[in-house]
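**Student:**
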Amino acid sequence: MASQTNEQALEIAIEKQLTGTCLEAQKAIAEGQDIPFSQNHGYQLGLPQDFNARYAIDSKRFWAFLEQTQHEELEKLQKHGGDWRLKVLERFDRLIKKYGLLHLLKKGLNVDDANLTLMYPAPLASSSDKIKQNFAENIFSSTRQVRYSLANTLEEIDLVLFINGLPFATLELKNPWTGQTARYHGQKQYRNDRDINQPLLQFGRCLVHMAVDTDEVYMTTKLEGKSTFFLPFNKGQNFGAGNPTNPGGHKTAYLWQEIFSKASVANIIQHFVRLDGSSKEPLPRRTLFFPRYHQLDVVRRLVEHAAKNGVGQTYLIQHSAGSGKSNSITWAAYQLIETYPASLDTPGTTDLEKPLFDSVIVVTDRRLLDKQLRENIKEFSEVKNIIAPAFKSSELKSALEQGKKIIITTIQKFPFIIDGIADLSDKRFAVIIDEAHSSQSGDAHDNMNKAMGKTKNGEEEGLDAQDKILQAMQSRKMRGNASYLAFTATPKNTTLEKFGCQQPDGSFEPFHLYSMKQAIEEGFILDVLANYTTYKSYYEIQKSIVENPLFDSSKAQKKLRAYVERHQQTINIKAEIILDHFIPQVVNSKKLKGKAKGMVITQNIETAIRYYLAITRLLDERGKPFKALIAFSGAKEVDGIDYSEAQINGFAENDTRDYFDTDEYRLLIVANKYLTGFDQPKLCAMYVDKKLQWVLAVQALSRLNRSAPKWGKKTEDLFILDFFNSVDDIKTAFDPFYTATRLSEATDINVLHELKDALDDVGVYEWHEVEQFVKLYFDNADAQQLSPIIDTAAARFNYELELEDNDKVDFKIKAKQFVKIYGQMASIMPYEIAVWEKLFWFLKFLIPKLIVKGPNADQIDELLNSVDLSSYGLERVKLNHSIGLDDSETELEPQNPNPRGAHGGAEEHDQLDEIIRSFNERWFQGWGATPEEQRIKFINIADGIKAHPDFEEKYQNNPDVHNRDLAFEKIFEEVMLKNRRNELDLYKLLANDAAFKAAMQQSLRRMVGY
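For the sequence shown, UniProt numbering gives the first residue as 1, with consecutive numbering after it.
#1: To the nearest angstrom, how far is it from the Cα of LEU579 to the Cα of LEU619?
#2: In whole angstroms, give me the CA-to-CA distance for ILE945 and MET976.
#3: How about ASN385 and ARG428: are their beta carbons less than 9 Å apart?
#4: Is it right to say PHE778 is buried, meaning 16 or more other beta carbons lie within 10 angstroms of its own, or is it exposed?
#5: Tell me the DSSP secondary structure of LEU874 in three-state form.
#6: Buried or exposed for SER278, please, with buried defined as at least 16 other CB atoms from any protein chain shown within 10 angstroms of its CB.
#7: In chain order, which continuous runs of the beta strand (DSSP E) of length 3 or greater are located wholly inside the region 263-309?
#8: From the DSSP output, which residues share a beta bridge with GLY598?
#9: Quick check on DSSP: helix, strand or coil for LYS627?
#10: Just to confirm before moving on: does the CB-CB distance between GLN412 and ASP365 stay below 9 Å?
#11: Considering SER323, what are the terminal residues of the alpha helix (DSSP H) in which it resides?
#12: Whose C-beta lies closer than 6 Å to the C-beta of ALA765 among residues of the same chain, with five residues either side of it excluded?
#13: For TYR55 and LEU721, what's the separation of their Cα atoms in angstroms?
#14: Classify TYR611 as helix, strand or coil using the three-state DSSP reduction.
#15: On a CA-only basis, which of ILE387, ARG61, LYS844 and ILE14 is nearest HIS41? Give me that one, please.
#16: With a threshold of 8 Å on Cβ separation, who are the neighbours of THR228 within its own chain once the five nearest residues in sequence on each side are excluded?
#17: In the structure shown, what three-state DSSP assignment does GLN257 receive?
#18: Just to confirm, is the Cβ distance from TYR184 to GLN318 under 9 Å?
#19: Rounding to the nearest angstrom, what Cα-Cα distance links ASN572 and GLY623 in this structure?
#20: Going by Cα to Cα distance, which pick from ASN309, TYR334, ARG964 and ALA486 is closest to THR346?
#21: By DSSP, does MET210 sit in helix, in strand, or in coil?
#22: As an exercise, report each continuous beta strand (DSSP E) stretch of at least 3 residues that is fully enclosed by the region 112-174, in chain order.
#23: Sort ALA211, TYR334, ALA422 and GLN956 by Cα distance to ILE407 and report the nearest one.
#24: ILE329 and PHE524: beta carbons closer than 9 Å?
#25: For LEU150, which of PRO199, ARG285 and GLN180 has the nearest alpha-carbon?
#26: Who are the near neighbours of PRO389 in its chain, counting only those whose CB is closer than 6 Å to its CB and skipping five residues on each side?
#27: Does the distance from the C-beta atom of ASN52 to that of MET119 stay below 9 Å?
#28: Can you check DSSP and say which residues form a bridge with ASN52?
#29: So if DSSP puts ILE361 in a beta bridge, which residue, or which two residues, is it bridged to?
#30: Roughly how many angstroms lie between the CA atoms of LYS816 and THR214, to the nearest whole one?
#31: Can you give me the C-alpha to C-alpha distance between TYR665 and ASP642, rounded to a whole angstrom?
#32: Restricting to Cα atoms, I'd like to know which of GLU802, PHE233, TRP841 and LYS130 is closest to LYS820.
#33: According to the neighbour-count rule (16 or more other Cβ atoms, all chains shown, within 10 Å of its Cβ), is THR495 buried or exposed?
#34: Report the option in LYS713, VAL698, GLN603 and LEU701 whose CA atom is closest to the CA atom of VAL670.
#35: I need the boundaries of the alpha helix (DSSP H) containing ASP217, first residue and last residue.
#36: At what residues does the alpha helix (DSSP H) containing GLN521 begin and finish?
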């Protein structure tokens, strides 16, 4: 009998971990078999008939818990007479519809004069025996195949988990080995096939709904039919999405082995799950937050490490944009004020009954974090008013005297806080630094610089947030009475060294990592480089369009020529190019349901003002389809006129964010301000005319990456047009993907020998693994024993062997060929080959886990599936049928002719070198000559122009500008015509590209001095 690899097998695995047994085992026991309980979490095995669909509770355990733990309270209700149980259920139903399950689990249920506790909280290490005993009396249970619907009584949910009869999680289980995945089929089932009007699935009655398979977990707290939004609840692997290979079972076993333990569930309910919004609001309008895996993991690890290692530690938490840092910081702050030392030997410990930290200081510039912290702490803490702002050491002392546990300050006040910590050496602090959203401009920046002993240099450029934090710490004597926790998406080397964990080899690593790669792959942020375009490539795209006879090209050609013929950095021209893209491609195309916005990034404040004036004038000429805003700090004089952000925009500087969020304003023009710390999910277009590098480049371009499911925002909606930086400076947009494999040309069944040999050689699997898998499979082994074998081989293919993309494609196609050909040929082969049979079963389970990335991956699968082997017949005369795959390379970004470099300010350049450098940096088709060859060509052409008989009379000494320009063009044409045989490539380039020609003529005019 073969192994069970279906959904039922997964149900059994989870149920056994939770309860120690399963329905199948209980049935066998009833039939006289002896099946011992396995190691488990101590859940009770629930039965479907115990579920009351009307109130969405496990009636048996709901009443059992109340009768075992609160008999006296129930007696109060019984004395009143009547159907007291119905009264309790109706009261419960009314309140859960109003406040949700989380409220009732924490606050209990008041019915007449009885106060019913619905869940006993988990104890602390220092808690009394009574509290520990109360927690042990909670009844955790799991029930399979729950018939939840009053309307369709046969509709079932695979698994529901309960605490004291109240459901906290529902699970729909899938198994990739049977062609069903959580990512698609599980989510689809919740969206399309589950009745969200039934009590169990109504918002707030259950804390989380999960789609689970052996590889991945997805979750949601709110089922909204087809609009339901699922989040991944995965550990991540290889710095990306998914889960790592688990040598002890399925990749997702952490869910039932760790997350669903009693202590873990209680911890999540008490300290993580939170309901946003006011209790006065209708429950469906509120938002229920359940932690993502990395949020849960980082907070738990921080608390555990602090309890064991005490005060005086440093932690670097490298969490990308899209990681939910606001929530992670909130949860960390709240739980750190309730962290108790593990022993009296823990540094900073005075009493095991006393929390390790007197106060947690949150250093942030997020305007919303202060408010969010206050609201969230109210949900978690019984003690109110424990949060206070502190902007100087005196306020810090005052806040401590008032018993404030969480103190919020800003990055520019950080030096004062360090001084205050040093002065209060008898107190212990945890300092959480949120640098990612720091303001880098304006008064905050100036004050920070003054605090550092710096002075303003007239522009916004200066230290970024990490530099400021590090300078403040380095310029003051650090005391051991504080632990520092730094959250950042882009740590510098100095930040890693200061806050990171030192490894045995001397290197430093983050304490916890949630990478940009994982955030992109999980869909929390978008890949901003997917549509990154330099002006060079944008020009070429536009040129290819306007040269197509199907297009009305005159207007576009005129604008393109204007960019070349006039000064190449003329802001008016660039402003026109920006609007020519933004209006038709973003505004008129109704991107983001008509809400899409753009940002223009400029060199400095003066340039930003000039851009604003140019764009506003052009918008006026076009009938004012929308308005633009500008953002900069302080005042700036341009052309004798003083400007400020408030004066230009017409409202206070602090209101710019809010006004930009409205439909009236679609473009925001900036220099430095808002390049970091600006969350506007409607941003999808960016126009860059500024040198961006290192951390600033990542942070600035990441303004676009915020996902916005509400507006249907997708990666393909993003667009960056860069006038300044080269492709190589930022990042190659897409890796080329080759599809060089083809179906075998062998003429008989020996193709399987060749395929097997080719597959064996790659090293994805060892033959003993194939043997082991097949033996276990046909011995009816638990599916959890099969997963590690397959996952180990898949990990080699996906990561460890570091195979090239085309090698991966080659292997996967050959594996699919082997399975498909053997599957169809096995029954007609005149002999049996055991190794083929074994490899067939192994590959059948391995193939779904082989990851092949690239734009043509789906086409490969589609192509392979279209191969029809049914016509091979007994003689197999068509086995040599071959299909050639498209091996063309997709290149979305052109070569950079001459990357920019940093040049010393005092260094002088030869005028000709400067002309050639400028020409190459800005102009496109950069003919295939070396710089020295280009120099010689320029000199020869310039000399030819000067030697032309008409040069002096018709050009050099001609006072008529128009005629002089015509004369130059004529002279240039004649010189090039004369030299065309020697310069054939250049001549063709000039003949075919008017923009290139105009740019070259402009450069030559500079050389000849006119």
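No residue lacks a Cβ here, since even glycine has one placed at the ideal position from N, Cα and C. This structure is a prediction, so every number in the text was calculated from the model and none was measured.
**Tutor:** Reading from the atomic positions:
#1: 8 Å
#2: 9 Å
#3: no
#4: exposed
#5: Note that LEU874 has pLDDT 22, beneath the 50 cutoff, so the model's placement of it is unreliable and the number below is only indicative. LEU874 falls in the coil class under three-state DSSP.
#6: exposed
#7: 274-276 and 287-289
#8: LEU667 and ALA685
#9: strand
#10: yes
#11: Note, SER323: premise wrong, no alpha helix (DSSP H); not H, not E.
#12: Per the sequence shown, residue 765 should be read as Tyr rather than Ala. Cβ neighbours of TYR765 beyond the five flanking positions: ALA793.
#13: 56 Å
#14: helix
#15: ILE14
#16: GLN187, TYR190, ARG191, THR220 and LYS222
#17: helix
#18: no
#19: 18 Å
#20: ASN309
#21: strand
#22: 114-116, 140-147, 156-163 and 166-173
#23: TYR334
#24: no
#25: PRO199
#26: ILE408
#27: no
#28: ILE57
#29: ILE407 and VAL431
#30: 22 Å
#31: 23 Å
#32: TRP841
#33: buried
#34: GLN603
#35: One point to set straight first is that residue 217 is Val, not Asp, in the sequence displayed. No alpha helix (DSSP H) contains VAL217, which is instead part of the beta strand (DSSP E) from 217-220.
#36: Gln is not the amino acid found at residue 521; the sequence shown has Glu there. That run of the alpha helix (DSSP H) goes 516-521.
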